[in-house]
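Number 152 in this note's numbering belongs to position 144 of the sequence shown; there are no gaps in the numbering.
Following: one structure in structure tokens, then a few remarks.
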Amino acid sequence: MAEPAGGVWAELVGQQRAVATLSAAAKAARQPGGDGSPHAMTHAWLITGPPGSGRSNAARAFAAALLCDQGGCGRCTVCRSAESGAHPDVTLVRTEQLSISVAEVRELAMKAAMSPTVGRFQVIVVEDADRITDQGADALLKALEEPPPRTVWLLCAPTAEDVIVTVRSRTRQVNLRTPLDTEVAQLLVERDGIDPELAAYAARAAQGHIGRARALARSEDARTARQQIMAIPGSLNSVGACLRAAATIVELATAQADRSTGEIDARELAELKEALGYGTKGARPKQATAALKELEDQQKARAKRLQRDALDRVLTELTTWYRDVLTVQLQAVDPASSQLSAEGLGLINTEMHAEIAQAARSATAEQTLRRVDAILAARDALEHSVAPLLAMEALMLNLADPG
Ligand SMILES: [Zn+2]
9 MAEPAGGVWA ELVGQQRAVA TLSAAAKAAR QPGGDGSPHA MTHAWLITGP PGSGRSNAAR
69 AFAAALLCDQ GGCGRCTVCR SAESGAHPDV TLVRTEQLSI SVAEVRELAM KAAMSPTVGR
129 FQVIVVEDAD RITDQGADAL LKALEEPPPR TVWLLCAPTA EDVIVTVRSR TRQVNLRTPL
189 DTEVAQLLVE RDGIDPELAA YAARAAQGHI GRARALARSE DARTARQQIM AIPGSLNSVG
249 ACLRAAATIV ELATAQADRS TGEIDARELA ELKEALGYGT KGARPKQATA ALKELEDQQK
309 ARAKRLQRDA LDRVLTELTT WYRDVLTVQL QAVDPASSQL SAEGLGLINT EMHAEIAQAA
369 RSATAEQTLR RVDAILAARD ALEHSVAPLL AMEALMLNLA DPG
């Protein structure tokens with residue numbers, strides 16, 4: 009029953025089971041009459057999986073498969089517009105904010121109550137369903153309790169537990185797994201034309217996060233930034249060095265967040281000003297000032313979230329270093345060998361095997377574990393809104409001297 013994972017499914021590497029479920033559902037929904045009546049279609053899905061595994065890709069591919077006459081060929085205008093969110097019957101909810109408000113959910117629920125305009129279904133994709141507020145979840149629940157026959161909700165979240173149980177119980181769940189390094193590398197070679205050696209490095213470094221692997225494979229800057237991060241553990245030999253390392257990390261994360269926001273911020277501001285009639289004659293009305301203030305607040309919240317995400321990535325990278333050190337200390341891996349051990353273990357940072365071997369000799373496994381704990385604690389602190397620089401300084405001092 010495994011269909012070839014081509015067409016809209018091609019990006020979903022290592023997700024044969026999920027693709028089989030979704031493509032079968034889309035196929036059944038396309039059959040005229042009987043089983044394939046829109047009523048037989050599950051109207052709410054919850055797509056879960058670790059960051060970078062392709063939750064949103066899966067949701068958009070499914071939307072295309074539901075609307076395309078060929079079940080998601082990936083080439084027709086229906087497929088392309090459904091995947092990009094430009095299709096009139098596909099609503100893509102992407103948030104850069106920390107939460108999705110009840111007002112936003114109510115607006116979606118109103119949309120959901122309407123019939124599709126041109127397609128068989130209308131599909132509402134919520135990429136970060138875990139960010140829906142409790143009030144918002146109540147509003148969503150009401151919408152799911154009275155499902156219009158031709159509306160399909162696709163909710164995406166890291167795990168099922170991230171979505172409140174009342175909502176979760178009304179969905180059909182599809183779980184994505186972390187793809188293997190080899191699968192990600194193959195995708196980069198075949199779809200992006202990346203050199204195999206570079207693809208293997210990027211896939212290993214990204215640890216199953218496809219977007220991250222792609223960024224590392226394509227961008228010299230991203231690789232340089234990663235090298236800077238991986239040099240940190242070996243540099244923490246004084247308090248001054250720790251403080252400098254903390255500042256470097258915050259700078260790298262801020263730069264990364266700025267790169268992603270700068271352009272969008274400017275575009276949003278220009279669009280809003282145009283909508284408000286700026287540049288034409290007349291004074292700035294009160295509402296205009298309020299709308300601009302609201303946009304500014306939203307953009308600040310987004311910048312904060314993106315910086316936090318970027319810091320989180322830095323901490324993930326650092327963890328790979330200590331994970332490598334620990335595997336050498338526990339003699340699970342021979343650092344001098346680029347081959348996988350009998351248990352299938354290998355270094356993530358193979359290119360730094362000499363430094364890792366050295367670090368493994370100069371600490372105990374217990375100290376390495378305490379360092380990993382310190383990284384987890386720092387992540388927790390960030391989640392509880394501790395100022396980034398402060399959290400990083402505390403972390404660097406702990407990494408230098410784990411006790
Ligand atoms: Zn198509």
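All C-beta atoms in this analysis are idealised placements derived from N, C-alpha and C, irrespective of residue type, glycine included.
All of these numbers come straight from a predicted model, not from anything done at the bench.
Query	Result
Boundaries (first-last residue) of the beta strand (DSSP E) holding Asn183	Arg180 to Asn183
Cα-Cα separation between Arg310 and Thr269, rounded to whole angstroms	8 Å
Coarse secondary structure for Val101, derived from DSSP in three states	strand
Three CB pairs or more closer than 8 Å across the segment 88 to 97 and the segment 179 to 195	no
Complete runs of the alpha helix (DSSP H) confined to the segment 183 to 237 [at least 4 residues]	189 to 200, 204 to 214 and 218 to 226
Residue environment, Pro124, which counts as buried when at least 16 other CB atoms sit within 10 Å	buried
Beta-carbon spacing of Ala73, Gly82 below 7 Å	no
Those residues which DSSP pairs with Ile140 across a bridge	Ile108
Cβ shell of Ile237 (< 8 Å), same chain only, five flanking positions each side left out	Ile257, Leu260, Val322, Glu325 and Leu326
Contacting residues, own chain, Cβ-Cβ under 7 Å from Pro59 (five flanking each side not counted)	Pro166 and His217
Cutoff 6 Å; reference Asp136; Cβ partners in own chain excluding five residues on either side	Thr103
Cβ-Cβ distance between Pro187 and Val21 below 7 Å	yes
Presumed contact (8 Å Cβ cut-off) between Ala120 and Ala94, rounded CB distance	Not quite, the Cβ-Cβ distance comes to about 19 Å (not below 8 Å), so this is no contact.
Inter-residue CB distance, Val414 and Asp97 (contact presumed, cutoff 8 Å)	In this structure the chain extends from 9 to 411, so residue 414 is not present and cannot be described.
Contacting residues, own chain, Cβ-Cβ under 8 Å from Pro396 (five flanking each side not counted)	Val258, Ala261, Gln315, Arg316, Leu319 and Leu390
Cys87 beta carbon near ligand 1 (any heavy atom closer than 6 Å)	yes
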